[in-house]
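When we follow my numbering, the leftmost residue of the sequence shown carries the number 1, and every step to the right adds one.
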Amino acid sequence: MERLDYDEQADYRDWIREGLARLAPLDRSRVLVEEGRRTDLRAGLGEMGVLGLAVGAEHGGADAGPEALAIFLEEAGRVLLPAAHLTSVAVVPFVLRQDLAGAGPDLLAALAGGEAVVTIADLDDPERPVTLADGSATGTKVAVIDADVATHALVVVGDAIVVLDLAGPGVHVEHLDNLDRTRPVARLHLEAAPVVPLGLADAATVIAEARTLLRLAIATETAGQVAACCDLSVDYAKTRHQFGRPIGGFQAVKHACADMFVAAQATSAAVAAAYASWFDEPGHRDLVAPATIAYALRAGFDVAASTMQIHGGIAFTAEATPQLYLKRAKAAQLLAGGVDATTDWLAAAILDGATDPLAPILGRP
């Protein structure tokens with residue numbers, strides 16, 4: 001695993017930011033989403049080497065450490081990257097690396113090479129939960145991210161994970177209207193669809209970790225959105241004039257921008273620490289992950305709402321940029337299970353006494 005020191009992280013962030021600015025500026029992203037051409041971004045991401053960030057070198061990936069992965073996700077959030085990267089880059093490789101004998105190695109190589117996009121289908125429709133029988137799956141999964149462009153899905157069924165070819169028989173993807181159009185979700189209807197089980201030694205643990213990693217990836221993207229909203233607000237406050245002077249000269253606007261800056265710095269530091277903890281201090285995962293996710297989800301929405309307020313009525317128009325960040329922030333909260341549920345998760349971790357709440361801060365075991 002390749003780790004980045006402080007200077008290398010700064011250089012990598014600059015390189016990723018410049019690359020995403022060329023590949024997916026917001027104006028182009030809007031067009032790709034409207035025209036259903038999100039797959040056009042895959043080749044560019046492949047050239048940047050990010051499709052296989054979490055894939056081992058033996059499968060053609062970058063075998064990157066937590067620093068590179070967190071930086072990519074944060075910068076992807078900054079530009080509201082509409083590519084199918086959230087599960088395929090940030091979560092799925094960690095699951096597939098636990099399967100050394102089944103479909104895992106081949107899918108890892110396909111991920112790194114850009115031939116495959118793999119999503120995760122976890123949530124069941126309560127009226128039609130997915131069941132397995134004779135090597136096939138039947139039922140419905142809901143809130144499946146990027147199912148419109150994915151080639152495969154890892155389907156969670158009880159304490160098992162199976163691989164589903166989305167182009168195979170018995171599979172119907174129902175596209176849904178979504179608050180955040182840059183990240184489509186769908187229902188996955190299965191009727192005796194052929195599946196291949198992953199050979200996992202402890203599937204229940206892998207599933208729990210995958211769920212946490214997905215929420216952490218959403219929180220990390222949110223950190224980038226907070227930074228982008230801060231930049232948008234400061235720039236607008238400098239150029240928008242009322243009563244003969246920039247609105248940034250008014251105390252209320254100054255304080256709002258200052259609060260955004262603090263939130264941006266804190267959220268970025270929190271997600272970086274959470275990813276480092278995930279790899280380096282697994283004993284603290286149960287505390288650090290929910291604390292980071294809860295803080296980031298709340299900050300993402302609060303800062304996006306303040307950005308709307310600073311921009312005024314124009315922010316509510318379809319052509320304006322702030323409303324895109326507000327929609328993404330609310331959608332992120334929903335996809336991650338909600339702030340209240342995450343706070344309950346954090347409280348349970350503390351009350352269960354599984355870890356010392358101050359250990360990650362004070363650096364003690």
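A virtual CB, placed ideally from N, CA and C, is assigned to each residue, including glycine.
*Under 9 Å between the Cβ atoms of residue 86 and residue 146?*
Taking 9 Å as the Cβ cut-off, residue 86 and residue 146 qualify as a contacting pair.
*Strand pairing of residue 124, partner residues [DSSP]*: For residue 124, which the question treats as bridged, DSSP gives the partners 141.
*Do the stretch 160-168 and the stretch 137-152 touch if we need at least three Cβ pairs shorter than 8 Å?*
Counting Cβ pairs under 8 Å, three or more are found: they touch.
*Excluding the 5 residues preceding and the 5 following residue 192 in the sequence, name in chain order all residues of the same chain whose CB lies nearer than 6 Å to its CB.*
So the qualifying residues of the chain are 136, 138, 170.
*Whose CA, out of 54, 126, 156, lies closest to the CA of residue 204?*
Ranking 54, 126, 156 by Cα distance to residue 204 puts 156 first.
*Is DSSP giving residue 119 helix, strand or coil here?*
Three-state DSSP puts residue 119 in a strand.
*Count the other C-beta atoms from every protein chain shown that fall within 10 angstroms of the C-beta of residue 313, then say buried if there are 16 or more, exposed otherwise.*
Per the 10 Å Cβ criterion, exposed.
_First through last residue of the beta strand (DSSP E) which encompasses residue 187_ = Segment 185-197, the beta strand (DSSP E) holding residue 187.
*Which same chain residues, not among the five before or five after residue 241, have their C-beta less than 8 Å away from its C-beta?*
If we look at residue 241 and ignore the five residues flanking it on each side, its Cβ neighbours are 247.
_With H, G and I counted as helix, E and B as strand and the rest as coil, what does DSSP make of residue 311?_
Three-state DSSP puts residue 311 in a helix.
*asked:* For residue 227 and residue 267, what's the separation of their Cα atoms in angstroms?
replied: Within the model, the alpha-carbon separation for residue 227 versus residue 267 is close to 9 Å.
*Where does the unbroken alpha helix (DSSP H) through residue 284 begin, and where does it stop?*
First-last for residue 284: undefined, no H or E at that position.
*Could you check if residue 37 is buried or exposed, using at least 16 other CB atoms within 10 Å of its CB as the buried criterion?*
In summary, residue 37 is exposed, with fewer than 16 beta-carbon neighbours lying within 10 Å of its beta-carbon over all protein chains present.
*With DSSP run on the structure shown, which of helix, strand or coil describes residue 4?*
In the structure shown, residue 4 falls within a coil segment according to DSSP collapsed to helix, strand and coil.
_Pairs of beta-carbons, one from the stretch 62-81 and one from the stretch 8-18, closer than 8 Å: are there three or more?_
The stretch 62-81 is in contact with the stretch 8-18.
*Kindly indicate which residue of 27, 19, 54 has the alpha-carbon position closest to the one of residue 432.*
For the chain, the structure presents residues 1 to 365; residue 432 sits outside this window and is missing.
*Examine the ligand GDP and report whether any of its heavy atoms sits within less than 8 Å of the Cβ of residue 6.*
Among the ligands in the structure shown, none appear at all, so the ligand GDP cannot be discussed.
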